[in-house]
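J.: Protein sequences, first through last, are from chains A and B.
Be aware that the first sequence starts at 27, since it is given in our numbering, and climbs by one per residue.
Be aware that the second sequence starts at 312, since it is given in our numbering, and climbs by one per residue.
Ideal placement from N, C-alpha and C gives every residue a C-beta, glycine not left out.
Dropping the structure in here first, questions after.
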Amino acid sequence: MAATTATSTETVEVEPKPQGRISGIIRYWLGNWKLSLGTGMIVVLLGFSVIGSLQTDFKKTRVGSSPFSVPPSAEYPLGTDNVGRDMYALMVHGIHPSLKIGLIAGILGTVIGTVLGLVAGYSGGLVDTVISTFADIVLTIPSLMILVVLASYLRSTTIELTAIIIAVFAWAGPTRLIRSQALSLRERPFVPLAKLSGQGDFEIAIRQILPNLLPYIMAGFVGSVSGAILASVGIQLLGLGPLLTPNLGMVLNSAFTGAALFRGMWWWWGPPAVALIVLFVGLFLISIALDEFANPRLRGEAK
Amino acid sequence: MNKNMVLIRRIGLVVVLLMAFTSILLVQAQDVPREKTLIIGFEGGPAQAPENAGLNATAANSQGHHQVMIESLWVLNYQTGESVPWLASGPEVWNEDYTSFDIPIREGVEWNDGTPFTAEDVVFSINLFKENPTLIFAGAIASEVAEATVVDPLTARVTLNAPNPRFVYDNFSVRIWGGVRIVPKHIWEGQDPNTFTNFDLAQGWPVWTGPYKLVKASPTEFVFDRNNDWWGAKTGFMPLPAPERVIFVDAGPADRIAAALSNNEVDGQPNLRIDLFAEVVARNPQVIGWTAEPPNAWIDPCPGMLGFNTQVAPWDSAAMRWAISYAIPKQVIADATSGGFGQVSPYNFPDYPALQSWLTENQDLLDQYDSTVFDPDRAKAMFEEQGYTLGGDGIYEKDGVKLSVDVLVKAEEVIVPPIIIAALQDVGIDAVPRSLTTASYYQARDVADFQIETTHVNCGSVTEPFAELNTLHSKWIRPAGERRSNNVWGWSNAEYDGIVDEIAALPANDPKEHELFRRALEIRLQELPILSLSQQKRIVPYSTRYWTNWPTAENGYVHPPNWWQTFIIPLVNIVPAE
């Protein structure tokens, strides 16, 4: 509660003034429990994966590197799966590739979405109609089906390629979000003021409107990241993701095809499920915190 | 208030109607009690075209059709090695030079619409396949049969283009999975067999000779009811099968397969992962496998293998193929695919006693060219002998070109491909998987659009060597981009072709075949166009809750697959549990 009151002064300023935005964000970040907790969860997960992968031999993620179907023990902290892959090794080597897919696809989707949304929202007219219609069409396409077709046509799938495939559909959401905000910002008094002071359209879009969109972009980015991770898990569950780099979808896929639930091998399906939960809850917390930052009214309702 | 009452009455009426409909449906579904119903799972997911019981590529087959409804002329029993005459009355009768044979037809055989089954049907069917080579099992008929004629109502004569003493064994005896089908002339005459679906339940179609008739077909469930007027029982040839109804259901993924068995929802499944068997038996002790001891598995006739496109450099070199063989840990692959009970395979033959004796008599050759060895250092040494040098990035290269390979694999296969790719990378090959969905995989494989392919199997011999040897004859090779029915690896060796041709003209197990096989085996081992990886052990589980006397290793009256046409034999042998 204290966090919310402490930041209320900043939020009043959110709307028109571009100054002090970055430091405001940082202060808000540290003061908001949802943001701190969410970020903390992601950092811990990433830390576990990165530090763990530095200490664990990658070869332990290979089939037949350990005994089959062993429950957790001192030697195998998370047990092994039904073809002798060390679950701990799979987890530490598998979490960061999943995050990497999310980050690459999220960044690509957000950057493309921001540019298109800004152009559409600020310029309006035909450009707006074309961009928004296209984005609407992409939003209605069942993307997973297309992703499966795309993935099956590629000669070999890597983490980066999977991310790019996912990004093909990841831009439409951010485009809509940014466009609607840009539409409203365009009508604010500071825009005509900037025009009067001699700024061109491009300059206004970049210097006046974009900074005010930052919280929305961040929230959209977080949403894209979690959407991309979910899509990658979906692709992997269908057996079409990268075959050689361990990742959470792959582990879940093998647990599913190996009937881990039926066999009661909780150490097989549990860790990837927990990692995904931590990942999504963390991203969700960050997302709602950023949303609140952008919309003070939400914060009011939260009280 | 009044409006509310009307609404309540309407809702009440709908509920009553729904209940009435539901009870009708339940009555319909339950009119054969569970203990008189046999339920078997089928693989491959929901049927794409359940209402196609024809002969074209999309028709349903293993969803019960050829197990309980379509009978074969002969049924090869792996356990006894005998070809059991079924629609035929005895063995075929050959002329001296194996260019023509007579099919003797059993007296009293009837189609399930009461029409007698005669030589007219046999001749009509063979001609149908001759004219339509893309129909199921039609390929060999189209290419090898010169003429089919009716000698008398119970004798059909088939003349071949060239001698082939194995023609009946290969095509009419259910050597693997299924055999050439005889269709009723009075139904199929005048139909276009490439589009005819042979499906009209109201009219009593499909018409076949088997003891069951199809009564319901949906993507996930096929229901067959017993024809109490079945010719087999009427003539005293076989007893009427005990189950009044047989239902084939979509088996689903591994956990569903296991759960359905555990709960006795099904009486048999086409497959159960070896590492799940103990768990299933712990929940349902009435579930049995082929053997009483672990791994409780039956050996599938198609061993796992890896094939090289021998028309593409550098895989046109036998030394390079051997180097790959040394690079691959076959025992790891065998164990991973058999729940730790892996059995490596020195040659592409299933481990059946009759067939293995051909290998044991040539053990010296198998020792000399031992492709079961895993020795990565030797693989690297062989690359170096071939002029490759290790680059700074750990990849071998020759004349500035990196040693790279795309390995064609099925996307659903997640265990074997990573082992193979990692093993190839370990010996300095820039290997990547080319992972395709099953349909695309076969499109690529069948037109030789690959460098190395794996996760498919090369089925062939089960009792004697010819069929497997024949799959690598160069006569199957087609220009790039054209489909090949065999030898997708494009391997050609004139001496080997000559030997295979010589064996083809001899009857199976002829003393001379042994000497010829030894020569062919030596060439195959030296050249290694395909590399055998492991025996395919699979559990074909049955539950004894409702039905007993299932085939097992101890009670081995026939081999156990329930997705094969041979399933007719267990069907007439099982008895109610009570």
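How many whole angstroms separate the CB atoms of tyrosine 480/B and serine 394/B, which I take to be in contact at a CB cut-off of 8 Å?
T.: 7 Å
J.: Would arginine 584/B count as contacting chain A if we go by Cβ distances under 8 Å?
T.: Chain A contact via Cβ: present.
J.: Taking the alpha carbon of leucine 512/B as the point to measure from, which residue in Ala722/B, Lys524/B and Val655/B has its own alpha carbon closest?
T.: Cα-wise, what sits closest to leucine 512/B is Lys524/B.
J.: Name the chain A residues whose beta carbon is nearer than 7 Å to that of alanine 562/B?
T.: Per Cβ cutoff of 7 Å: no residues; alanine 562/B is ~12 Å from chain A at best.
J.: Can you tell me whether DSSP reads valine 534/B as helix, strand or coil?
T.: strand
J.: Taking histidine 831/B as part of the alpha helix (DSSP H), name the residues at either end of that continuous run.
T.: Looking at the sequence provided, one finds alanine at residue 831/B rather than histidine. Run containing alanine 831/B: 822-838, per the alpha helix (DSSP H) assignment.
J.: Is arginine 689/B helix, strand or coil by DSSP?
T.: Collapsing the DSSP output to three states places arginine 689/B in a helix.
J.: Which word fits leucine 152/A, buried or exposed, when buried means at least 16 other C-beta atoms lie within 10 angstroms of its C-beta?
T.: exposed
J.: Distance, Cα to Cα, threonine 82/A vs valine 118/A?
T.: 8 Å
J.: I need the DSSP call for arginine 567/B, collapsed to helix, strand or coil.
T.: helix
J.: Closer than 8 Å, CB to CB, is serine 746/B near chain A or not?
T.: yes
J.: What number of angstroms, rounded off, separates the C-alpha of glutamate 806/B from the C-alpha of glutamate 442/B?
T.: 33 Å
J.: Under 8 Å, with one C-beta from each stretch per pair, do the region 256-269 of chain A and the region 168-177 of chain A reach the 3-pair mark?
T.: With the cut-off at 8 Å, the region 256-269 of chain A and the region 168-177 of chain A touch.
J.: Among the candidates Asp757/B, His376/B, Ala608/B and Asn860/B, whose CA atom is the shortest distance from the CA of arginine 789/B?
T.: Asp757/B
J.: Determine, using beta carbons only, whether serine 92/A comes closer than 8 Å to chain B.
T.: no
J.: Pick out whichever of Gly57/A, Ala189/A, Ala315/A and Leu270/A has its Cα sitting closest to the Cα of isoleucine 727/B.
T.: Position check: residue 727/B holds valine in this sequence, whereas isoleucine was assumed. Between valine 727/B and the set Gly57/A, Ala189/A, Ala315/A and Leu270/A, the nearest pair of CA atoms involves Leu270/A.
J.: Does DSSP put glutamate 101/A in a helix, a strand or coil?
T.: coil
J.: Could you tell me the distance, in whole angstroms, from the CA atom of aspartate 362/A to the CA atom of asparagine 321/A?
T.: Residue 362/A lies beyond the residue range present for chain A, which begins at 27 and ends at 329; the question has no answer from this structure.
J.: Give the list of continuous beta strand (DSSP E) stretches no shorter than 3 residues that lie fully inside the region 691-767 of chain B.
T.: 707-709, 715-721 and 741-747
J.: Taking just the CA atoms, how far does leucine 211/A sit from isoleucine 235/A?
T.: 7 Å
J.: For aspartate 681/B, is the classification buried or exposed, using 16 other Cβ atoms within 10 angstroms of its Cβ as the cut-off for buried?
T.: exposed
J.: Taking all protein chains shown into account, decide if glutamate 826/B is buried (16 or more other Cβ within 10 angstroms of its Cβ) or exposed.
T.: With a 10 Å radius around the Cβ and a threshold of 16 neighbouring Cβ atoms, glutamate 826/B comes out exposed.
J.: Below 8 Å on the Cβ atoms is my guess for valine 720/B versus isoleucine 740/B; work out the distance and round it to an integer in Å.
T.: At roughly 15 Å, the Cβ-Cβ gap does not stay under 8 Å, so valine 720/B and isoleucine 740/B are not in contact.
J.: Can you pull out the residues from the region 584-618 of chain B whose beta carbon lies closer than 8 Å to at least one beta carbon of chain A?
T.: Arg584, Asp586, Leu587 and Glu590
J.: Of the residues Thr348/B, Gly490/B, Ala453/B and Trp516/B, which one's Cα is nearest the Cα of isoleucine 498/B?
T.: Trp516/B
J.: Compare the C-beta of asparagine 108/A with all C-beta atoms of chain B and state if any pair is closer than 8 Å.
T.: yes
J.: For valine 175/A, is the beta carbon positioned less than 7 Å from some heavy atom of the ligand GTP?
T.: The model on display carries no ligand, and the ligand GTP is accordingly not part of it.
J.: Tell me whether the beta-carbon of leucine 677/B lies closer than 8 Å to the beta-carbon of isoleucine 850/B.
T.: no
J.: Counting only C-beta atoms, is isoleucine 726/B closer than 8 Å to chain A at any point?
T.: With respect to chain A, the C-beta atom of isoleucine 726/B has a partner C-beta closer than 8 Å.
J.: Report all residues from its chain with a CB closer than 6 Å to the CB of phenylalanine 507/B; omit the five preceding and five following residues, and keep chain order.
T.: Gly365
J.: Return no unless some Cβ of chain A is closer than 8 Å to the Cβ of isoleucine 879/B.
T.: no
J.: With DSSP collapsed to three states, give me the class of methionine 549/B.
T.: coil
J.: Tell me, which residues are paired with alanine 467/B by DSSP?
T.: Ile414/B and Val461/B
J.: Relative to the C-alpha of phenylalanine 933/B, which candidate in Asn438/B, Ala638/B and Leu844/B has its C-alpha closest?
T.: Residue 933/B lies beyond the residue range present for chain B, which begins at 312 and ends at 889; the question has no answer from this structure.
J.: Assign alanine 528/B to one of three DSSP states: helix, strand, or coil.
T.: strand
J.: Three-state secondary structure (DSSP) at phenylalanine 652/B?
T.: coil
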